[in-house]
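In order, the protein sequence lines correspond to chains Y and L.
In this text, residue positions in the first sequence follow the numbering used here: the first is 889, and each later residue adds one.
In this text, residue positions in the second sequence follow the numbering used here: the first is 39, and each later residue adds one.
Cβ coordinates follow ideal geometry from the N, Cα and C atoms, glycine included.
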Amino acid sequence: MSQPAADSQLGQFSTNPPRELPTRRGTELALLAFAAFIVTCAFVLVEANQEQELTWSIFWYGVAYLGIFSVAHLAVRRWAPYADPLILPCVALLNGMGLVMIYRIDLALAEKAQQTGDSFTPDAPKQVLWTVISLALFLAVLILISDHRTLTRYAYTLGLVGIIALSLPAVLPRSLSEVNGAKVWLKFGFFSIQPGEFAKIALMIFFASFLVSKRDLFTVAGKRVLGVELPRARDLGPILIAAMACLGILVFEKDLGTALLFFGIVLVMLYVATERIIWVVVGLGMFAVGGIIAYNLFGHVQQRVANWIDPLATYDDPGGGYQIAQGLFGLGTGGMAGTGLGSGRPEMVPAANTDFITAALGEELGLIGLSAILLLYLLLAMRGMRSALAVRDTFGKLLGGGLSFAIVMQLFVIVGGVTKLIPMTGVTTPFLSRGGSSLLANYILIALLLRISDAARRPAAPSKPRPQQQAPLAEAHTVMVQRPDNMGGPGGGRGQ
Amino acid sequence: MNTPLRKVGVAMLAMVALLLVNTTYVQFVKADDYRTDGRNQRVLLEEYSRQRGQIVAGENGQVLAGVEPSNDKYEFTRTYLNGPVYAPVTGYYSIIYGATGIELAHDEVLNGSDPRLLVRRLSDMVTGRDPRGGNVQLTVRPSVQETAYKAMTDKGFHGSVVALDPKTGDILAMVSTPSYDPNRLAAHNGEKVRSAWAELTDKNGDKPMLNRAIRETYPPGSTFKLVTAAAALENGAGPDTPVTRAANVQVPGTSNTDLENFARQPCPGGTLKDALAFSCNTAFAELADQLGAEKLRETAANFGIGQQDLSVPMPVAPSGLGDLASTAELYQSGIGQRDVRLTPLQDALLSATVANGGVTMKPQLVKALLAPDLTPMEEFTPEELTGDPALSAANAEVLKDMMLASEDNTKGGGKRPGLKIASKTGTAEHGVNEKQTPPHAWYTAFAPADDPQIAVAVIVESGGDRGLAATGGSVAASIGRATINAAVGGG
C-alpha cells in the first residue's frame, strides 16, 4: 500500500499487499512444540499402559523427533521464511503419532515373537532412520528449488522419469520387484523402495506444467460437441497417453490403490486447468466402465468387492475379508473414546503398522482420536490449497492444488478402505504408515507445498526478474481477482 | 483458476466429511456389533487379562482355583490346587479350548462381567483398582473329596464317587477317575496346551475329562432295588411281605433266559426285608412285575430318575428306566439291569432320599456367589428336587432298616464300630457278553443311620481290581465307607 509504484513493472505481484508481512515462524515453532508435547505424552502413555519400564529408547526417540523437526523448522526459517506456519506442525504431529503407533505395535509383535520363539526386529528405529533421510531430502528440495517455477523446465524429463519409475517393477523379474505379493518394489539387496511413490510427484509436476502451457488451447482450439469445447487430440494427447500408460502399468502390477489415486489426481488437475466439469464427468464415466470391465476380468477385483460388501461373510476365505473384519473389530472395540494408547490389541489386524495403521489408531484413540487425525489431514491439505489459491502463477496453483488433493486422496483411498467405505486397496497413509518410500515421497511433497506457500505469502521482491518462460495468457485470470480499486497502478492494466 | 481450486477444496472437505461420517458409523453405530462378534478376540483377551475370581470350598475357604500373575499378555494364569482331585468340579479354563465345570457354569461371575458386579466394576474404575471377577463358593468338603479321590486312585479304579448332604442336597464330594490336571489346559503356552488337549481327548484313552459322576450313566444293578423296594412299600407291601426264595426264574416270554440270584443260591430269607438284605434278584424281578411299569416309573420319577434338565449347575445327564414294555423287561429292570441307566449322582440320591425321610433334595454344588470383596451376591437355599416324596417317612424308616440289614451282610473293609451305615451294594452286568465282562461294582449308603449327614454312591467300572469276581461289596463298599468316615469324623 505504501509503495505501489515499486510493483508497477511486476504485474503478478501487484495483488499482494506490499507491506512487510509477518513470517509467522514464531507461530510455527510454538505449534511444533505443541506437537512435540502431544507425541511425548503419547509415548509415555504407551509405555505406562504396556507396563514397560521407562527405557532409554523412548528418550532417544524423543531426542530424534525433536532434532528432526528443529532442523526442519530452522530450514524453513532460512529457506522458506514466509511458508505457511501450519503445514510443518501438522506433518510433525502426524509423523510423530505414526512413530508412536509403530513403536507400540513393535512392543506387541515383540511379545508375540517371544511367545512363539520367533526372531523379531523392531520397525520403529528404521522408521526414525527413514524420517532422518526424509528430512535430508526435504532440505535438499527446499534448498535446491528456490523457486517452484524452475520445475517447469524439467517437466518433460520428470514425466519420463515418472513413467519409467512406475513401469520398472512391472518389467523387472519378481526377485527384484516383489515383496509380499505386491510387484511394486525395487529391491537393492538390504533395502527396497517403491518407485511409484516418487513417480506420483514427478508426474504431478509434469501434468501441472503441461496443462498450464496448453490450457488455453483446450478451451479455444477444439471442436464444439454438445455445447462443450473439446480440445484437439494433439493438445490433450500427451497427457492422455501418460495417464493411460500409468494406469496400464498399475493395473498390470495389480496395484489398484495407486491406480485409483492416480486417476483421481489426474482428473482433478485436468478439471482445475480446464475449468470444465465435463472432464470430471467423462473421467468418472470412464472409471465406471473400467471398473466394470476390471470386475469381470479379474478374480482379485471380484474378491475385493465381495470383501467390501460383507467382510464378515468372506472372513474365512483365502484372500477374504479377515483383515478388514479384524480392522472393523478393532475400530468397534475402540468405540468412542478408544481403549487408550497401549491398551488395545492393534497387532491382531494383519499389516497393522502399514495399511491398517488408522485402524490401530482408531482402536486405541477411539472415534475422537481418529477424527482428530482425519481433521489434521484436512487442515494440512486445506493449508496447501490455500497456498495454491494465493500463489500468483498458474503452475504453482495447479501443482499446489494437485499436491494438496493428493494428500486427501491418499487418505480417502486408504481410510475409506479400512473403514469399509470403499473396497480395500493398499496404499500407505501419508506420514503415519511404516515404510521409507512413502515417507520420503510425502516429505518431498511437503517441501514443494512449503515452497509454493512461501511464494504465495512472500511480499514483493522487486529485484527479482520476472521469469520469462511463463505464458502471459496463463496469468490473466489470477490478476483479475481481488484488486482493490485504489491499487490500480500502471502495471495493473496488464492482462485485462 | 481459483474457482475450480475452491471447488476442489470443497470436494476435499466432502471427502474427509464422508470418512468422518463412515468412521462414526463404524465406531459408534455399529461398534457393539463388531465388539461382540464371536470372532473378535479382543473382548475375550481382555477378559483373560482381568483377575479371574476364585473357586473356593470348605469352611476355611480353601482355594481350588485361583490366579497367579503371569509375565505375558494375559497378565494372569489360572492355577488349580490339587487339580486332578477337583477337576470334575472346577472344570478347566483354557484360553484355547474355553471352559467346563464351574468355570463355565459361573463364568460371568468369575470373569467379572456379571451385571451384579457392574457397580463394583465402576467403583474399581474410579478408585483405579484393576477390575476383578467374583468368587464361587462350593458345597464340596475338601476332606471328603480328597479321601474319596485317594481311595479310588490308590487302586487305579475307573469310576466315580458322589457324596451328598441328604438334608440339603449339598454335594460334598464329586470324584471322577481317572482324572486330569486342568493346570495343563490353563497354561499360556499354546503348544503345550494343544499337546495336553490331544492327549486328554485321545479316543483310545481313558477319557479323563469325562465327568463320570454326572455325565455318564451306568446300569445300577442291585442298588436299583431301593427303588423297586420303595415302590413296593408305597403300594402296600411291608418288610415282612413274603417274596419268592427261588434261586432262579425263567424270564417270562423268553424260552431260555434265566434270571438267577448271586451264585445261584436260593434266597436265605422269604420276606421283602430279607430279599433286600441278601439282594435276591428273583424276588425283586417278580416284585417289579407285580407292581407294573406305571407304579415303578412313578416312584423312580419321585427319586428324580427321568428328569431331563437337572443341573448342579453343570448339566446332569438324565437317568432313565427304558421302555418297561413287557414282563421280561420289568423282570430285568426291577433289578437294575436291561435299559435302566443311572448317573452316580442319581444313585447317591437314592440313599439320600431314604436318609431324608423320603424327600429328594435338589443336588447343588454351589453354596454362594461372592463379590470380589467376599460379600455374598447370591446364596443358594436347599430345595426339593421333585414335587412328591419318593416314599413316606414311615416307609423311609422301613427301607432304612432293610439297608442296615444289607450293610450287615456286606463284606469289604472300612467298617467302623459304633457307626451305623445303611447301604445297598450292586454288581451290574454290562457289555455285549455280560457274563464274560467284569461287572460294575456299586455301593450306595448313608450314615449315621440315626442322624444322616452324608449319602454316598460309589461306582467302580468293570470290576476294578477283581475282574469277573468283583461285587459291590468287595470292591466298592470300602471306598464308600472311607468317604463316609471322612465326613462324619474319625475316618
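Legend entry - Any alpha helix (DSSP H) of 4 or more consecutive residues that is wholly inside the stretch 168-256 of chain L: Taking 4 residues as the shortest admissible run, the stretch 168-256 of chain L contains the following complete alpha helix (DSSP H) segments, listed from N- to C-terminal end: 180-192, 221-224, 228-238 and 250-253.
Legend entry - Minimum length 4: unbroken alpha helix (DSSP H) runs contained in the stretch 1115-1201 of chain Y: The qualifying runs are 1121-1140, 1144-1162, 1166-1185 and 1187-1197.
Legend entry - residue 1036 (chain Y) to residue 1233 (chain Y) span [Cα, whole Å]: The sequence position of residue 1036 (chain Y) within the first sequence is 148, counting from 1. The sequence position of residue 1233 (chain Y) within the first sequence is 345, counting from 1. In a straight line, the C-alpha of residue 1036 (chain Y) is about 44 Å away from that of residue 1233 (chain Y).
Legend entry - 3 or more residues per run - each beta strand (DSSP E) lying fully within the stretch 374-411 of chain L: Counting whole runs of 3 or more residues, the stretch 374-411 of chain L contains the beta strand (DSSP E) stretches 404-408.
Inset, instruction - Please confirm if the stretch 197-213 of chain L is in contact with the stretch 490-499 of chain L, defined as three or more CB-CB distances below 8 Å between the two stretches. - result: A contact exists between the stretch 197-213 of chain L and the stretch 490-499 of chain L.
Legend entry - Sequence-distant residues of its chain with Cβ nearer than 8 Å to residue 302 (chain L) (five each side left out): Translated into the one-based positions of the second sequence, residue 302 (chain L) becomes position 264. Here the set comprises 285 and 286.
Legend entry - Residues sharing a beta bridge with residue 94 (chain L), DSSP: Mapped onto the second sequence, residue 94 (chain L) falls at position 56. In the DSSP secondary-structure assignment, residue 94 (chain L) is bridged to L:101 and L:175.
Inset, instruction - Taking only beta-carbon positions, decide if residue 150 (chain L) is within less than 8 Å of chain Y. - result: Residue 150 (chain L) sits at position 112 when you count from the first residue of the second sequence. Not one chain Y Cβ lies under 8 Å of residue 150 (chain L).
Inset, instruction - Name the residue from L:395, L:155 and L:118 whose alpha carbon lies nearest to the alpha carbon of residue 414 (chain L). - result: Within the second sequence, numbered from 1, the residue matching residue 414 (chain L) stands at position 376. Closest by alpha carbon: L:155.
Legend entry - residue 415 (chain L): first and last residue of the uninterrupted alpha helix (DSSP H) it sits in: Against the second sequence, residue 415 (chain L) aligns to sequence position 377. Unbroken run through residue 415 (chain L) is the beta strand (DSSP E), 414-417; no alpha helix (DSSP H).
Inset, instruction - Determine the chain L residues that contact residue 1266 (chain Y) at a beta-carbon separation under 8 Å, and present them in chain order. - result: Counting from one through the first sequence, the residue named residue 1266 (chain Y) turns up at place 378. Those within 8 Å of residue 1266 (chain Y) in chain L are 50, 51 and 54.
Legend entry - Listed by chain order, chain L residues near residue 1269 (chain Y) by CB distance under 7 Å: Mapped onto the first sequence, residue 1269 (chain Y) falls at position 381. Within chain L, the C-beta atoms nearer than 7 Å to that of residue 1269 (chain Y) come from 50, in chain order.
Inset, instruction - Inspect the beta-carbon positions of residue 437 (chain L) and residue 429 (chain L) and report whether they are closer than 8 Å. - result: Reading the second sequence from its first residue, position 399 is the one you call residue 437 (chain L). Reading the second sequence from its first residue, position 391 is the one you call residue 429 (chain L). Yes, these two residues count as a Cβ contact at 8 Å.
Legend entry - Through-space distance from residue 350 (chain L) to residue 370 (chain L), alpha-carbon basis: Stepping through the second sequence from its first residue, residue 370 (chain L) is reached at position 332. Stepping through the second sequence from its first residue, residue 350 (chain L) is reached at position 312. Going by the C-alpha atoms only, they are around 30 Å apart.
Legend entry - 7 Å CB neighbourhood of residue 1022 (chain Y) in its chain, flanking five on each side removed: Translated into the one-based positions of the first sequence, residue 1022 (chain Y) becomes position 134. Closer than 7 Å at the Cβ level, and outside the excluded window around residue 1022 (chain Y), lie 1327, 1328 and 1331.
Inset, instruction - Please work out which residues of its chain come closer than 8 Å, Cβ to Cβ, to residue 1065 (chain Y), disregarding the five sequence neighbours upstream and downstream, and give them in chain order. - result: For the purposes of this step, residue 1065 (chain Y) is taken as the residue at position 177 of the first sequence. Taken in chain order, the residues that qualify are 1056, 1057, 1058, 1071, 1072, 1073, 1074 and 1075.
Inset, instruction - For residue 1307 (chain Y), return the contacting residues in chain L, with the cut-off set at a CB-CB distance below 9 Å. - result: The residue you call residue 1307 (chain Y) lines up with position 419 of the first sequence. Here the neighbours are 57, 60, 61, 63, 64 and 65.
Inset, instruction - Would you verify that the beta carbon of residue 469 (chain L) is, or is not, closer than 8 Å to some beta carbon of chain Y? - result: For the purposes of this step, residue 469 (chain L) is taken as the residue at position 431 of the second sequence. No Cβ of chain Y is located within less than 8 Å of the beta carbon of residue 469 (chain L).
Inset, instruction - Note down the Cα distance separating residue 458 (chain L) from residue 501 (chain L), rounded to an integer number of angstroms. - result: As a position in the second sequence, residue 458 (chain L) is number 420, starting the count at 1. As a position in the second sequence, residue 501 (chain L) is number 463, starting the count at 1. Using only the alpha carbons, I get a separation of about 27 Å.
Legend entry - Cut-off 6 Å between Cβ atoms - residues of its own chain near residue 913 (chain Y), not counting five sequence neighbours on either side: As a working mapping, residue 913 (chain Y) is identified with position 25 in the first sequence. The residues are 965.
Legend entry - Where residue 1014 (chain Y) sits in the DSSP three-state scheme: Your numbering for residue 1014 (chain Y) matches position 126 in the first sequence. In the structure shown, residue 1014 (chain Y) sits in a helix (DSSP, three-state: H, G or I).
Inset, instruction - Starting from residue 328 (chain L), follow the alpha helix (DSSP H) in both directions and report where the run begins and ends. - result: Here residue 328 (chain L) refers to the residue found at position 290 of the second sequence. Run containing residue 328 (chain L): 319-329, per the alpha helix (DSSP H) assignment.
Inset, instruction - Determine, using beta carbons only, whether residue 1273 (chain Y) comes closer than 8 Å to chain L. - result: Start at 1 with the first residue of the first sequence, and residue 1273 (chain Y) comes out as number 385. With 8 Å as the cut-off, residue 1273 (chain Y) counts as an interface residue toward chain L.
Legend entry - For residue 312 (chain L), the first and last residue of its enclosing beta strand (DSSP E): Residue mapping note: residue 312 (chain L) aligns to position 274 of the second sequence, counting from 1. Element bounds for residue 312 (chain L): not the beta strand (DSSP E) but the alpha helix (DSSP H), 310-315.
Inset, instruction - Specify, as a first and last residue, the run of the beta strand (DSSP E) that residue 496 (chain L) falls within. - result: As a working mapping, residue 496 (chain L) is identified with position 458 in the second sequence. Residues 492-498.
Inset, instruction - Using 10 angstroms around the beta-carbon of residue 931 (chain Y), count the other beta-carbons present and answer buried if the total reaches 16, otherwise exposed. - result: Taking the first residue of the first sequence as position 1, residue 931 (chain Y) is located at position 43. Within a 10 Å sphere around the beta-carbon of residue 931 (chain Y) sit 16 or more other beta-carbons, which makes this residue buried.
Inset, instruction - Just the chain L side, please: which residues come within less than 9 Å of residue 1203 (chain Y) by C-beta, in chain order? - result: On the first sequence, residue 1203 (chain Y) is found 315 positions in, with the first residue counted as 1. The answer, in chain order, is 77.
Legend entry - Collapsed DSSP secondary structure at residue 130 (chain L) in the structure displayed: As a first step, residue 130 (chain L) must be located in the second sequence, where it is residue number 92. The three-state reading of DSSP puts residue 130 (chain L) in coil, since its state is none of H, G, I, E or B.
Inset, instruction - State the Cα-Cα distance for the pair residue 1269 (chain Y) and residue 1258 (chain Y), rounded to the nearest angstrom. - result: Here the question's residue 1269 (chain Y) lines up with position 381 in the first sequence. Here the question's residue 1258 (chain Y) lines up with position 370 in the first sequence. Distance between residue 1269 (chain Y) and residue 1258 (chain Y), taken at the CA atoms: about 17 Å.
Legend entry - Straight-line gap, residue 447 (chain L) to residue 510 (chain L) (C-alpha atoms, nearest Å): Your numbering for residue 447 (chain L) matches position 409 in the second sequence. Your numbering for residue 510 (chain L) matches position 472 in the second sequence. So the alpha carbons of these two residues sit roughly 12 Å apart.
Legend entry - Helix, strand or coil at residue 353 (chain L) [DSSP, three-state]: Here the question's residue 353 (chain L) lines up with position 315 in the second sequence. Under the three-state reduction of DSSP, residue 353 (chain L) is assigned to strand.
Legend entry - Chain-ordered residues of the stretch 1145-1162 of chain Y with a beta carbon less than 7 Å from chain L: Residues passing the 7 Å Cβ filter: 1156, 1159 and 1160.
Inset, instruction - Can you say whether residue 244 (chain L) is buried or exposed, counting buried as having 16 or more other CB atoms within 10 angstroms of its CB? - result: Counting from one through the second sequence, the residue named residue 244 (chain L) turns up at place 206. Looking at its Cβ environment, which holds fewer than 16 other Cβ atoms inside 10 Å, residue 244 (chain L) is exposed.
Inset, instruction - May I have the straight-line CA-CA distance separating residue 229 (chain L) from residue 1215 (chain Y), to the nearest angstrom? - result: Here residue 229 (chain L) refers to the residue found at position 191 of the second sequence. Here residue 1215 (chain Y) refers to the residue found at position 327 of the first sequence. Roughly 27 Å separates the two Cα atoms.
Inset, instruction - List the residues of chain Y whose Cβ lies closer than 8 Å to the Cβ of residue 401 (chain L), in chain order. - result: Locating residue 401 (chain L) in the second sequence gives position 363, counting from the first residue. Under the 8 Å cutoff, chain Y gives no residues; its nearest Cβ is about 40 Å from residue 401 (chain L).
Inset, instruction - With DSSP collapsed to three states, give me the class of residue 1237 (chain Y). - result: For the purposes of this step, residue 1237 (chain Y) is taken as residue 349 along the first sequence, with counting starting at 1. Secondary structure of residue 1237 (chain Y) (DSSP, three-state): coil.
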